[in-house]
Amino acid sequence: MTTRRSVIQSTLGGFALAGAGLYGRLARAELPDGTIESAILDALPGKQPLLKRTFRPPNYETPVALLDGAITPNDRFFVRWHLMNIPEIDAAAWRLSVGGDGATQPLALTLEQLRREFEPVEVVAVCQCAGNRRGLSEPHVPGVEWGNGAMGNARWKGARLKDVLARAALKKETIEIAFNGADAPPLEATPPFVKSIPAWKALDDSVLVAYEMNGAPLPHWNGFPARIVVPGWAATYWMKQVVSIRALTQPLASFWMNTAYRIPKGRFPLVDRFMSQESETSTPITELVVNSLVTNLRDGQRLASHSPVVVRGLAWDGGYGIRRVEVSIDTGRTWETADLDDDLGRFSFRPWHYAFRPRAKGPLTVMARASNAIGSTQTFELIFNNPGYHNNVIQKVAIEIV
Amino acid sequence: MRPARKSIPARAGVALLASAGALAAQADETALQLRDGPEAVVVRAYCSVCHSIDYIQMNSTFMKRAGWEAEVRKMVKVMGAPVPEDDVARIVDYLTRHYGTE
Chain D
11 MTTRRSVIQS TLGGFALAGA GLYGRLARAE LPDGTIESAI LDALPGKQPL
61 LKRTFRPPNY ETPVALLDGA ITPNDRFFVR WHLMNIPEID AAAWRLSVGG
111 DGATQPLALT LEQLRREFEP VEVVAVCQCA GNRRGLSEPH VPGVEWGNGA
161 MGNARWKGAR LKDVLARAAL KKETIEIAFN GADAPPLEAT PPFVKSIPAW
211 KALDDSVLVA YEMNGAPLPH WNGFPARIVV PGWAATYWMK QVVSIRALTQ
261 PLASFWMNTA YRIPKGRFPL VDRFMSQESE TSTPITELVV NSLVTNLRDG
311 QRLASHSPVV VRGLAWDGGY GIRRVEVSID TGRTWETADL DDDLGRFSFR
361 PWHYAFRPRA KGPLTVMARA SNAIGSTQTF ELIFNNPGYH NNVIQKVAIE
411 IV
Chain G
43 MRPARKSIPA RAGVALLASA GALAAQADET ALQLRDGPEA VVVRAYCSVC
93 HSIDYIQMNS TFMKRAGWEA EVRKMVKVMG APVPEDDVAR IVDYLTRHYG
143 TE
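In the order they appear, the protein sequences are chains D and G.
Take the position in the first sequence, starting the count at 1, then add 10; the result is the number in the numbering used here.
Take the position in the second sequence, starting the count at 1, then add 42; the result is the number in the numbering used here.
So, in structure tokens, the structure goes:
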């Protein structure tokens, strides 16, 4: 059978014969054909039309053009759920229980208590699904086949998790803090979606129990009335509709920790480790890898030769801070430094732009690569892993100057 | 009551977002179709207990039989889907034939 992919691969195969290494630089990853065919723009209640990957549980990503800008508006923010029963929560009836075998003084909080009894803190932070860009993995791997838009950046407001945990008076043996949400599976046998983070991370000043997103209550689809915010770390830990926080003196045993959301050890240049959940060969995903995205140009776009081309995009990382974004318009031979725009903090999207005057008509490949304050940068080749995580391959946008 | 969904084919492109309302068509999972085959009814009956069947098309076309079998067995062993062994084989056959690469 001849699929679009095999046509593209054979075409690029011809190029590869012409020069070693050229294939890797020219090839652009594509979503699976079935992913493209099953996607529609669909608006969940209260949301703009987003790219529907699955209806139930709802998984919707933000079209790249709608990510243009530092802050992602709430009605454009991506939606990701694991389990289909997502209750409408009555804020007045909601309770957050704080306990576990590591807590000497268990307690329960109302939303009013969370708002009034703890110092409100704000942080601008990227919320990126661990599986963002999974659909661009080559070879393809099963899962939700996300493109580039399973991420967003918001100003989160809430109580520090460490302040909430202080009320529970943790034992010194506490090694992990576990979160559960109100969502539930239809079958009793399905593992509940429960996640944990190391105690050292939970006690970091930046980690919040958030009840506001961009100055408004959290949308239902993004975890109303409260969710955990773990700046710099993959969104799998950002528990939505959080109803339970437990201090644990033993590692959490759960499919979602022990089997899912894990990466092979030693393959990625990461700093943060989750020692209590590491095995011989794999470890839970932690911080985000440094990455960038061109937001104002799309493949196949035609631009006039007589005016400057402005490339706009976003860069982000695990919270070290973006130092530099470079752009290439000659397929990676030379790189020029882009201008960094508004700095909303080390956990935020960092917008950038780069303008150039086209020298000739014809096809042109725009590439961008970000580097952060600890010297990490993006890769030319995918670091393949079975679950399709941490794809920070330098993007290639093919435009045409006419 | 929640407002009605508004949907347009994504392939039409983001340029159409501004006019999404005008192009709105009722779309939700009840309209999803599985490719024909005698086992399609069985597949829909089991799989749609926990998720919409667009998960199937979304994960095509790149898996061989072994890939689809691993997915179905994960649903049974990990997620607790109550599928008898005979029906596991029928589901894997169907997915491989209609959404697989061999």
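Glycine is no exception: its CB is placed at the ideal position from the N, C-alpha and C atoms.
Asked                                                                                                                                                                                                        : Found
What did DSSP end up calling Phe265 (chain D) once you bin it into helix, strand or coil?                                                                                                                    : helix
Since Arg66 (chain D) meets chain G, which of its residues come closer than 7 Å, beta carbon to beta carbon?                                                                                                 : Glu71, His93, Ser94
For Arg322 (chain D) and Glu40 (chain D), I'd like the C-alpha separation in whole angstroms.                                                                                                                : 22 Å
Could you check how far apart the C-beta atoms of Val219 (chain D) and Gly168 (chain D) are, in whole angstroms? I think they sit under 8 Å.                                                                 : 5 Å
List the DSSP bridge partners of Ala325 (chain D).                                                                                                                                                           : D:Ser302, D:Arg360
Are Val74 (chain D) and Gly159 (chain D) touching if we call contact CB-CB under 7 Å?                                                                                                                        : yes
Would you say Glu183 (chain D) and Thr45 (chain D) are within 7 Å of each other, going by their C-beta atoms?                                                                                                : no
When the Cα atoms are used, what is the spatial distance from Asp351 (chain D) to Arg334 (chain D)?                                                                                                          : 11 Å
Going by DSSP, name the residue or residues bridged to Trp166 (chain D).                                                                                                                                     : D:Val133, D:Met223
Who are the near neighbours of Tyr97 (chain G) in its chain, counting only those whose CB is closer than 8 Å to its CB and skipping five residues on each side?                                              : Cys89
So what does DSSP say about Ser48 (chain D), is it helix, strand or coil?                                                                                                                                    : helix
Decide yes or no for the touch test of the stretch 292–306 of chain D against the stretch 384–403 of chain D: beta carbon pairs closer than 8 Å, at least 3 of them.                                         : yes
Would you mind giving the Cβ-Cβ distance between Ala244 (chain D) and Ile295 (chain D), rounded to the nearest angstrom? I have them listed as a contact below 8 Å.                                          : 5 Å
Check whether the Cβ atoms of Lys275 (chain D) and Tyr247 (chain D) lie closer than 7 Å to each other.                                                                                                       : no
Strictly under 7 Å for the Cβ-Cβ distance: is Ser48 (chain D) near chain G by that measure?                                                                                                                  : yes
So the candidates are D:Asp43, D:Thr305, D:Ala118; which of them puts its Cα closest to the Cα of Asp78 (chain D)?                                                                                           : D:Thr305
Return the chain-ordered list of same chain residues with a C-beta closer than 6 Å to the C-beta of Gly56 (chain D), the five sequence neighbours on each side being excluded.                               : Pro229
In the DSSP assignment, find the beta strand (DSSP E) that holds Arg334 (chain D) and state where it starts and stops.                                                                                       : 332–338
Checking the sheet assignment: what are the DSSP bridge partners for Ile207 (chain D)?                                                                                                                       : D:Ile187
Could you give the distance in angstroms between the alpha-carbon of Glu127 (chain D) and the alpha-carbon of Met249 (chain D)?                                                                              : 21 Å
If distances are taken between C-alpha atoms only, which option among D:Glu222, D:Pro368, D:Arg38 comes closest to Asn84 (chain D)?                                                                          : D:Glu222
For Tyr141 (chain G), go through chain D and note every residue whose CB falls closer than 9 Å to its CB, in chain order.                                                                                    : Gly44
Does Ile409 (chain D) pass the burial test, meaning 16 or more other C-beta atoms within 10 Å, or should it be called exposed?                                                                               : buried
Going by CA-CA distance only, name the one from D:Ser254, D:Ala194, D:Ile99 that's closest to Leu171 (chain D).                                                                                              : D:Ser254
For Val376 (chain D), count neighbouring Cβ atoms within 10 angstroms of its own Cβ and tell me buried if that reaches 16, exposed if not.                                                                   : buried
Taking Cβ-Cβ distances shorter than 8 Å, what residues in chain D pair up with Glu113 (chain G)?                                                                                                             : Pro152
Can you find the residues in the same chain that come closer than 8 Å, C-beta to C-beta, to Val320 (chain D), ignoring five residues on each side of it along the sequence?                                  : Asn306, His363, Tyr364, Ala365
Which class does Trp110 (chain G) belong to by DSSP, given the choice of helix, strand or coil?                                                                                                              : helix
Can you look up Thr375 (chain D) in the DSSP assignment and give me helix, strand or coil?                                                                                                                   : strand
Please confirm if the stretch 259–266 of chain D is in contact with the stretch 338–358 of chain D, defined as three or more CB-CB distances below 8 Å between the two stretches.                            : no
Is the stretch 132–149 of chain D touching the stretch 384–399 of chain D in the sense that three or more CB pairs, one from each, lie closer than 8 Å?                                                      : yes
Tell me, to the nearest whole angstrom, how far the beta carbon of Phe88 (chain D) is from that of Leu54 (chain D); I am working on the premise that it is less than 8 Å.                                    : Actually they do not touch by this definition, with Cβ atoms about 11 Å apart.
Of all the options D:Leu324, D:Thr64, D:Ala194, which has the alpha carbon lying nearest to the alpha carbon of Ile96 (chain D)?                                                                             : D:Ala194
Closest Cβ-Cβ distance between Gly79 (chain G) and chain D: below 7 Å?                                                                                                                                       : no
Could you tell me which uninterrupted alpha helix (DSSP H) segments, each at least 4 residues in length, are contained entirely in the stretch 40–105 of chain D, listed from first to last along the chain? : 43–48
What does Glu155 (chain D) reach in chain G if we use C-beta pairs closer than 8 Å?                                                                                                                          : Met100, Asn101
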